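Peer 1: This is the structure, below, for whatever I ask next.
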Amino acid sequence: MAVNKHAQAYYGVFKKELPEVFVVKDVQVQDKWTKLAFDVDNIIVKAVAENSLNPQDIEKVVKTSLLPLLFTACREIGAGMNQVNRIVETIIQILRVGLMKS
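Going by full-length UniProt numbering, the sequence shown opens with residue 1, and the numbers climb by one from there.
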């Protein structure tokens, strides 16, 4: 995952907010969360491309897209909305930093 620094950052958010998932070194589980990190990156890239003139719209689209996706993934492991909201907010913070740099 070193090739895509953004996906790597999102994966790190998952590891930080859902440490119980990564305690067991299960390759299938890690692959699932790796794929999810790339899915998050694709959603963000698309949102930025479609709403580049308005950062508030970018954040709105990202939140609207990520909440159901992450809620489904988190529900499967017994996590709830608190974790999902923290993950989404952290991803939005990463997005804001990226937008400020560009």
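Ideal placement from N, C-alpha and C gives every residue a C-beta, glycine not left out.
Only a predicted model underlies this, so the values are computations on that prediction, with no experimental measurement involved.
1. Would you mind sorting Asp-26 into buried or exposed? The rule is 16 or more other CB atoms within 10 Å of its CB.
2. Which of the three DSSP states is assigned to Lys-46 in this structure?
3. With 16 other CB atoms within 10 Å as the buried threshold, where does Val-53 fall?
4. Taking Asn-4 and Phe-38 to be in contact with their CB atoms under 8 Å, please state how far apart those CB atoms are, rounded to whole angstroms.
5. Compute the Euclidean distance between the alpha carbons of Leu-66 and Val-97, then round it to the nearest angstrom.
6. Would you call the region 12–23 in contact with the region 74–90, where contact means no fewer than 3 C-beta pairs closer than 8 Å?
7. Using the beta-carbon count (16 or more within 10 Å), is Ala-49 buried or exposed?
Peer 2: Here's the rundown:
1. Taking the first residue of the sequence shown as position 1, residue 26 is located at position 26. The Cβ neighbour count for Asp-26, taken over all protein chains shown within 10 Å, is under 16; the residue is labelled exposed.
2. In the sequence shown, residue 46 corresponds to position 46, counting from 1. Note: Lys-46 maps to helix in three-state DSSP.
3. Here residue 53 refers to the residue found at position 53 when the sequence shown is read from its first residue. For clarity, residue 53 is Leu in the given sequence; the question names Val instead. The residue in question, Leu-53, is exposed, as its Cβ has fewer than 16 Cβ neighbours within 10 Å.
4. Looking up residue 4 in the sequence shown gives position 4. Looking up residue 38 in the sequence shown gives position 38. That pair is a contact at about 7 Å.
5. Numbered from 1 along the sequence shown, position 66 holds the residue referred to as residue 66. Numbered from 1 along the sequence shown, position 97 holds the residue referred to as residue 97. For Leu-66 and Val-97, the distance between alpha carbons rounds to 18 Å.
6. Counting Cβ pairs under 8 Å, three or more are found: they touch.
7. Numbered from its first residue, the sequence shown carries residue 49 at position 49. By the 10 Å Cβ count, Ala-49 comes out exposed.
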